[in-house]
Amino acid sequence: MENATLHDIRAKSLTDAKREGKGATKLAGHADPRMIDRYIRLREIDVADGPILLRKKPSKTEQQAG
(Lines of atoms letter the chains of each structure in order from A and count residues from 1; the text may use other names and numbers.)
(Lines give C-alpha, C1' and ligand atoms only; values in the text may rest on other atoms or scores of the structure.)
Protein backbone atom coordinates (compact mmCIF):
# COMPACT_ATOMS: atom_id res chain seq x y z
CA MET A 1 0.00 0.00 0.00
CA GLU A 2 1.51 3.28 -1.06
CA ASN A 3 1.34 6.43 1.05
CA ALA A 4 -0.21 4.69 4.06
CA THR A 5 0.02 6.64 7.28
CA LEU A 6 0.19 5.32 10.81
CA HIS A 7 -3.43 6.46 11.19
CA ASP A 8 -4.42 4.34 8.14
CA ILE A 9 -2.69 1.25 9.53
CA ARG A 10 -4.24 1.75 12.97
CA ALA A 11 -7.67 2.24 11.37
CA LYS A 12 -7.25 -0.96 9.33
CA SER A 13 -6.26 -3.08 12.31
CA LEU A 14 -9.03 -1.69 14.53
CA THR A 15 -11.63 -2.09 11.78
CA ASP A 16 -10.55 -5.70 11.21
CA ALA A 17 -10.66 -6.41 14.95
CA LYS A 18 -14.16 -4.98 15.28
CA ARG A 19 -15.38 -6.88 12.22
CA GLU A 20 -14.04 -10.13 13.70
CA GLY A 21 -15.73 -9.46 17.04
CA LYS A 22 -12.48 -8.89 18.89
CA GLY A 23 -11.94 -6.16 21.45
CA ALA A 24 -11.10 -3.21 19.24
CA THR A 25 -11.43 -0.82 22.17
CA LYS A 26 -8.98 -2.82 24.26
CA LEU A 27 -6.63 -3.17 21.30
CA ALA A 28 -6.69 0.60 20.82
CA GLY A 29 -5.98 1.14 24.50
CA HIS A 30 -8.99 3.37 25.08
CA ALA A 31 -11.40 2.96 27.98
CA ASP A 32 -14.25 4.60 26.08
CA PRO A 33 -15.35 2.87 22.85
CA ARG A 34 -16.44 6.24 21.43
CA MET A 35 -12.78 7.23 21.24
CA ILE A 36 -12.11 4.72 18.47
CA ASP A 37 -15.08 5.74 16.32
CA ARG A 38 -12.79 7.97 14.29
CA TYR A 39 -10.62 4.95 13.46
CA ILE A 40 -13.25 2.33 12.73
CA ARG A 41 -14.09 2.27 9.04
CA LEU A 42 -16.88 -0.21 8.72
CA ARG A 43 -18.26 -0.17 5.26
CA GLU A 44 -21.05 -2.42 4.25
CA ILE A 45 -20.02 -3.85 0.93
CA ASP A 46 -21.48 -6.66 -1.06
CA VAL A 47 -19.07 -9.52 -1.22
CA ALA A 48 -19.44 -11.58 -4.32
CA ASP A 49 -20.29 -15.22 -3.86
CA GLY A 50 -17.97 -17.75 -5.37
CA PRO A 51 -18.71 -19.10 -8.81
CA ILE A 52 -21.84 -21.17 -9.13
CA LEU A 53 -21.13 -24.51 -10.67
CA LEU A 54 -24.01 -25.35 -12.92
CA ARG A 55 -24.78 -28.91 -13.77
CA LYS A 56 -24.39 -29.42 -17.43
CA LYS A 57 -27.51 -30.75 -19.06
CA PRO A 58 -26.67 -34.31 -20.12
CA SER A 59 -26.47 -34.93 -23.82
CA LYS A 60 -28.81 -37.45 -25.45
CA THR A 61 -25.95 -39.97 -25.50
CA GLU A 62 -25.32 -39.48 -21.77
CA GLN A 63 -29.06 -39.78 -21.04
CA GLN A 64 -29.25 -43.07 -22.92
CA ALA A 65 -26.15 -44.44 -21.16
CA GLY A 66 -27.20 -43.29 -17.70
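full-length UniProt numbering puts the sequence shown at residues 1 to 66.
Glycine included, C-beta positions come from ideal geometry on N, C-alpha and C.
Small disclaimer: the values here were computed from a predicted structure and weren't measured.
DSSP on residue i, reduced to helix/strand/coil?
i	result
residue 8	helix
residue 16	helix
Do residue i and residue j have their C-beta atoms closer together than 8 Å?
i	j	result
residue 41	residue 4	no
Would you decide whether residue i is buried or exposed? Buried here means 16 or more other CB atoms lie within 10 Å of its CB.
i	result
residue 9	exposed
residue 14	buried
residue 18	buried
residue 65	exposed
residue 31	exposed
Return the CA-CA distance between residue i and residue j, expressed in angstroms with no decimal places.
i	j	result
residue 39	residue 59	57 Å
residue 36	residue 7	11 Å
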